[in-house]
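Residue numbers (our numbering), protein chains in the order written: chain A, 199 to 314; chain B, 21 to 134. Below is one structure, written out as structure tokens, with a few remarks after it.
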């Protein structure tokens with residue numbers, strides 16, 4: 199089954215304790231991205247990657263890191279989490295069409311992170 | 021600035037067609053109209069997209085006006101499971117240039133009534 203898998207689904211952590219949220223897709227998609235969703239603010243893009251070893255900042259990258267060492271994985275790293283990073287996080291992937299055309303994005307089921 | 025305008029909420033009776041409007045008066049020629057929905061904090065789900073012609077798939081139909089300034093998503097026979105927030109997104113045809121162009125606004129909360 200084609201899917202985007204995030205882990206963990208729920209996480210409670212303390213301020214300053216480094217954490218990683220994993221994201222894996224089995225569709226051989228070139229494009230992967232991370233979003234956060236907060237009440238009243240909608241979904242906002244954090245980082246994206248157009249292929250292996252190619253990453254770039256989205257709209258709200260502060261406090262986050264990403265890496266793309268393999269095509270299928272795109273982990274989100276919080277080096278020193280703070281309470282304002284409490285949010286619902288989504289990973290997404292999509293295939294880049296001919297000439298770099300956008301195609302439909304597939305989303306993971308989300309990771310609810312609480313930083314206390 | 022928001023690229024799309026949608027009503028915040030709508031009701032529809034189960035079994036009837038749900039028609040969700042979207043205004044995108046500033047759409048440019050290289051932008052598609054995409055629709056996604058999100059069911060109660062699950063990951064957004066792709067529904068349909070189009071450029072200028074009407075489109076239909078197993079989930080819905082998309083009607084885009086001739087001037088492309090507005091569109092309507094039609095769920096032909098709404099069920100209770102269609103209750104969700106529906107997002108209308110104007111998105112560049114080509115990826116890159118800062119983002120994948122998926123800018124989610126507040127969407128329309130569609131409530132299907134039994």
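The beta-carbon is built from N, C-alpha and C at its ideal position, and this holds for glycine as well. The structure presented is a predicted model; accordingly, all values stated were derived computationally and were not measured.
Alpha carbon of residue 104 of chain B to alpha carbon of residue 46 of chain B, nearest angstrom:
26 Å
How would you call residue 268 of chain A, buried or exposed, if buried means at least 16 neighbouring beta carbons within 10 angstroms?
exposed
Alpha-carbon spacing of residue 244 of chain A relative to residue 98 of chain B, whole angstroms
Between residue 244 of chain A and residue 98 of chain B, the C-alpha separation is close to 34 Å.
Figure out for me which residue from B:48, B:90, B:34 and B:69 has the closest Cα to the Cα of residue 96 of chain B.
Check the Cα spacing between residue 96 of chain B and each of B:48, B:90, B:34 and B:69: the tightest is with B:34.
Assess, as a yes-or-no matter, whether the stretch 225-240 of chain A is touched by the stretch 282-295 of chain A under the definition of 3 or more beta carbon pairs within less than 8 Å.
yes
Answer with buried or exposed for residue 303 of chain A, where buried requires no fewer than 16 other C-beta atoms within 10 angstroms of its C-beta.
buried
Does the Cβ of residue 44 of chain B have 16 or more other Cβ atoms within 10 Å, making it buried, or fewer, making it exposed?
buried
For residue 213 of chain A, count neighbouring Cβ atoms within 10 angstroms of its own Cβ and tell me buried if that reaches 16, exposed if not.
Result: exposed.
Nearest to residue 76 of chain B by alpha carbon, out of B:102, B:54 and B:127?
B:54
Mapping the DSSP letters down to three states, classify residue 134 of chain B as helix, strand or coil.
Coil at residue 134 of chain B, not helix or strand.
Answer yes or no: do residue 309 of chain A and residue 209 of chain A have a C-beta to C-beta separation smaller than 9 Å?
yes
Own chain partners of residue 293 of chain A with C-beta closer than 8 Å, once the 5 adjacent residues on each side are dropped
225, 226, 227, 228, 229 and 301
Beta-bridge pairing of residue 129 of chain B - partner residues as DSSP gives them
B:29 and B:105
Within 9 Å of any Cβ in chain B, is that where the Cβ of residue 307 of chain A sits?
yes
Within 9 Å of any Cβ in chain B, is that where the Cβ of residue 242 of chain A sits?
yes
Could you please give me the residues that DSSP links to residue 243 of chain A through a beta bridge?
A:233
Does DSSP put residue 281 of chain A in a helix, a strand or coil?
helix
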